[in-house]
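*Asks:*
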Amino acid sequence: MLAFMKVLQPKTVEEAYELAVKNKTAPMLAGGCWLRLGRRTWPAVIDMAGLDLLRYVKEEDNEFVIGAMATQGDVERFEPLQKFCGGVVVKGVKEILGIQFRNMATMGGSVASKFGFSDIIPALLAVHADIVTFKGGRMSMQDYMNYRERDILVEIRIPKVEVSVAIEALRISRGDFPILTGAIRRDDKGVELYIGTRPGVPQLAPKASAVLSEKGAAGVKEAALLASEELVYQKNSHASKEYRMEMVKAMVQRLSGEVLQ
Ligand SMILES: Cc1cc2nc3c(=O)[nH]c(=O)nc-3n(C[C@H](O)[C@H](O)[C@H](O)COP(=O)(O)OP(=O)(O)OC[C@H]3O[C@@H](n4cnc5c(N)ncnc54)[C@H](O)[C@@H]3O)c2cc1C
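When you number the sequence shown by full-length UniProt numbering, it's gap-free, plus one each residue, and the end is 261.
(1) In whole angstroms, what is the alpha-carbon distance linking R186 and R39?
(2) According to the neighbour-count rule (16 or more other Cβ atoms, all chains shown, within 10 Å of its Cβ), is E242 buried or exposed?
(3) Could you check if S113 belongs to the surroundings of ligand 1, using beta carbon to heavy atom distance under 7 Å?
(4) Alpha carbon to alpha carbon, how far is E230 from T71?
(5) With a 10 Å radius around its C-beta and 16 neighbouring C-beta atoms as the bar for buried, classify G175 as buried or exposed.
(6) Quick check on A3: does DSSP put it in helix, strand or coil?
(7) Of the residues E95, G257, F115 and T12, which one's Cα is nearest the Cα of V191?
(8) Taking the beta strand (DSSP E) that F64 belongs to, which residues open and close that run?
(9) DSSP puts I156 in a beta bridge; with which residues?
(10) Taking the beta strand (DSSP E) that L170 falls in, what are its first and last residues?
(11) Can you give the Cα-Cα distance for P202 and L124, rounded to whole angstroms?
(12) Buried or exposed: I96, going by 16 or more other Cβ atoms within 10 Å of its Cβ?
(13) Suppose you measure from the CA of V57 to the CA of K83; what does that come to, to the nearest Å?
(14) Measure the CB-CB distance between G137 and E149 and report whether it falls below 8 Å.
(15) With a floor of 3 residues, list each beta strand (DSSP E) that falls wholly inside the stretch 178-226, ordered by position along the chain.
(16) How would you call I172, buried or exposed, if buried means at least 16 neighbouring beta carbons within 10 angstroms?
(17) Since G59 sits in a beta bridge, which residues does DSSP pair it with?
(18) Find out if the Cβ-Cβ distance for the pair M69, R36 is shorter than 8 Å.
(19) May I ask you to verify whether the stretch 141-158 touches the stretch 214-225, counting CB pairs closer than 8 Å and requiring at least 3?
(20) If you run the structure through DSSP and keep just helix, strand and coil, what is V232?
(21) Could you pull the start and end residues of the alpha helix (DSSP H) that I46 belongs to?
(22) Thinking C-alpha only, which one of S240, V45 and L29 is nearest I179?
(23) Given the structure, does D119 come close to ligand 1, in the sense that its CB is under 7 Å from one of the ligand's heavy atoms?
(24) May I ask which residues mark the beginning and end of the alpha helix (DSSP H) holding R102?
(25) Near G116, which residues of its chain fall below 8 Å by C-beta distance, leaving aside the five closest residues on each side in sequence?
(26) Which residues mark the beginning and the end of the beta strand (DSSP E) in which G137 is found?
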């Protein structure tokens, strides 16, 4: 249940940022889907409902732009993204719970929370999305994953570059949290392989990516083994470390098969 002592209601992003800096522990209440799970009583929350100006999904000349308050459902229904790069960004949201949930959970909340189990983050890494924050400005998704400043995520920008990408999430059953996630990208510079839900945040597997870039389909088995060895895997309530390390080998083979034909 979500409980708080005070609600702060900014009308602009600047105001939200100032409130966030002044109230260091106050979370931004966006869709509220995740925050609602907690048992804590917050001294204050920053209610983002007044920032409806950040609810958009649009196509510009060179980029798709997703505002922080756009819901996962808004993204799912946006036709140009259903086609872009095989619909990879839409695939990243579609597996998350049900339609009603996706109509509440925001893209800002989904990315800013940097969940290790995220279905969306691997997809955004693979399409080389950038994140725009109020204070820190524009940065790559990779940099944002290491960005620790208290800031407001304003929008997600995806370059309109059609490349070969694929994502996968392994679940025990539909609607559950994933136990392993992965994304792959092949472009004229080579192959990038990202593995998430280890259960840590999605990370590039650099050695496996290099082998796939250099050897292509002939390097898939080697890359699969490297991906299971070069990243840190741990157990949690959903899977053991050993299970993840085995499953990632099969996942890398499937993902590679999709982009290396
Ligand atoms: C039961 C359950 C199952 C889930 N399963 C999955 C799953 O299988 N796969 C998956 O990918 N995700 C899953 N999620 C996560 C979900 O997709 C959303 O990521 C999550 O609910 C956050 O979105 P929200 O809008 O509800 O954020 P909120 O709950 O409102 O906020 C979450 C966090 O994000 C911060 N935040 C919100 N907006 C901003 C902003 N603009 N700038 C900076 N910080 C911000 C808040 O301070 C807070 O810390 C699940 C969530 C729940 C509750």
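Ideal placement from N, C-alpha and C gives every residue a C-beta, glycine not left out.
In this text the structure is predicted, and so the values were computed from the model without any measurement.
*Replies:* The structure says:
(1) 43 Å
(2) Within 10 angstroms of the beta-carbon of E242 lie fewer than 16 other beta-carbons, which makes it exposed.
(3) yes
(4) Going by the C-alpha atoms only, they are around 35 Å apart.
(5) exposed
(6) strand
(7) G257
(8) E63 to G67 is the extent of the beta strand (DSSP E) around F64.
(9) Looking at the DSSP assignment, I156 forms a beta bridge with I66 and I131.
(10) Looking at the DSSP string, the run of the beta strand (DSSP E) that includes L170 is S164 to L170.
(11) 10 Å
(12) buried
(13) 14 Å
(14) no
(15) 180-187 and 190-196
(16) It is exposed - the Cβ of I172 has fewer than 16 other Cβ atoms within 10 Å.
(17) In the sequence as displayed, the identity of residue 59 is Glu instead of Gly. Its beta-bridge partners are F64.
(18) no
(19) no
(20) coil
(21) That residue, I46, is in no alpha helix (DSSP H); its beta strand (DSSP E) goes V45 to D47.
(22) S240
(23) yes
(24) I99 to R102
(25) G196, T197, R198, P199, G200, V201 and P202
(26) G137 to S140
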